[in-house]
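Here is the structure we will look at.
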Amino acid sequence: MRRKGIQLNQDTKAQNAHNKIVMKTGYIFFIMLLSINLLYIDVAISQTKKEGLNSLNHKNTSIEKSFYKIFTQSDNLCSRLLNDSVAIYTTNFRIEVIRKGSKTTVTKIEAADSLAYKLFPKYPGLKQINFIELFNKSDQKITIIMPIMVYGADKRRIKYRDIQGNPLTNMNAAINALKTSYFNFFSNEGVFNRLVIARPLICEYSYIE
Numbered sequence: 005m006r007r008k009g010i011q012l013n014q015d016t017k018a019q020n021a022h023n024k025i026v027m028k029t030g031y032i033f034f035i036m037l038l039s040i041n042l043l044y045i046d047v048a049i050s051q052t053k054k055e056g057l058n059s060l061n062h063k064n065t066s067i068e069k070s071f072y073k074i075f076t077q078s079d080n081l082c083s084r085l086l087n088d089s090v091a092i093y094t095t096n097f098r099i100e101v102i103r104k105g106s107k108t109t110v111t112k113i114e115a116a117d118s119l120a121y122k123l124f125p126k127y128p129g130l131k132q133i134n135f136i137e138l139f140n141k142s143d144q145k146i147t148i149i150m151p152i153m154v155y156g157a158d159k160r161r162i163k164y165r166d167i168q169g170n171p172l173t174n175m176n177a178a179i180n181a182l183k184t185s186y187f188n189f190f191s192n193e194g195v196f197n198r199l200v201i202a203r204p205l206i207c208e209y210s211y212i213e
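Taken in order, the sequence shown gives residues 5 to 213; the numbers are from the numbering used here.
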């Protein structure tokens, strides 16, 4: 009998946490949240929130925990991506937020493509998050971007391999695809619009007998 599961691996430079959630699928997923500590980025003027990013004692904020929960609850990821022996998929969610006193309102959630809505069906939960801690005093509106990459290989179906037996399309190629997608963040922005960009969520899956 095949055992199926998901292992969530939250990996920062200073912290490695491992969580496992059993799900009814035929594949196992390794999901690495690469330092979901949020980066504050102004287009043309970059600023990084210093506290916590490199701290050994860093604890995820409520926003970070909410992002992690929303984007790692995907019931459709297996069936929709495993049509290919090797899959590379990059996308991002764009969240527009306005300030309302000590709280915030999400006015728009937009994915880079239609598949993202199906792979990450819990995305409407972003509307329930209070993003006030991401606002500077002068900010009335910010745009948050959550980049996501999915990479996986079904070893039973791989046709082309290197001399070590690994798929020719590997994780490095997937990461390069993610890097390229970063340029799309700024294509629709004004010169001085402020973006808040989370570090990428990288999902890797593989088949297990």
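In this text, a Cβ means the ideal position worked out from N, Cα and C, and glycines have one as well.
- In this structure, GLN132 is the residue among VAL101, ARG103, GLN132, ASP117 with its C-alpha nearest to the C-alpha of LYS69.
- With respect to the C-alpha of VAL101, the residue from THR111, THR95, PHE75 having the closest C-alpha is THR111.
- Distances from the CA of THR147 to each of ILE92, ALA115, ARG98 were compared; the closest alpha carbon is that of ARG98.
- Closest in alpha carbon position to LYS126, among ASN64, ILE149, ILE113, is ILE113.
- In chain order, ARG103 place their CB closer than 6 angstroms to the CB of GLN144, counting only its own chain and leaving out the 5 sequence neighbours on each side.
- Under the criterion of beta carbons closer than 8 angstroms, ALA202 and MET153 do not qualify as touching, at roughly 13 angstroms.
- By the neighbour-count criterion, in which a residue is buried when 16 or more other Cβ atoms sit within 10 angstroms of its Cβ, ASN96 is buried.
- With contacts defined as CB atoms closer than 8 angstroms, ILE136 and LYS107 qualify as a contacting pair.
- In this structure, DSSP gives ILE201 an extended state, which the three-state scheme calls strand.
- Assignment of PRO128 by DSSP, reduced to helix, strand and coil, places it in the helix class.
- Look at LYS141 here: in three-state DSSP terms it is coil, with no helix or strand label.
- The three-state reading of DSSP puts PHE97 in strand, counting E and B together.
- For ILE148, the beta-bridge partners assigned by DSSP are ILE99, VAL200.
- Beta-bridge partners of LYS112 (DSSP): GLU100.
- The beta carbon of ALA116 lies closer than 6 angstroms to those of THR95, ASN96 in the same chain, with the five residues before and after it left out.
- Of the residues ALA120, PRO128, LEU119, SER118, the one whose Cα lies closest to the Cα of THR109 is PRO128.
- Assigned with DSSP and collapsed to three states, ILE74 falls in helix.
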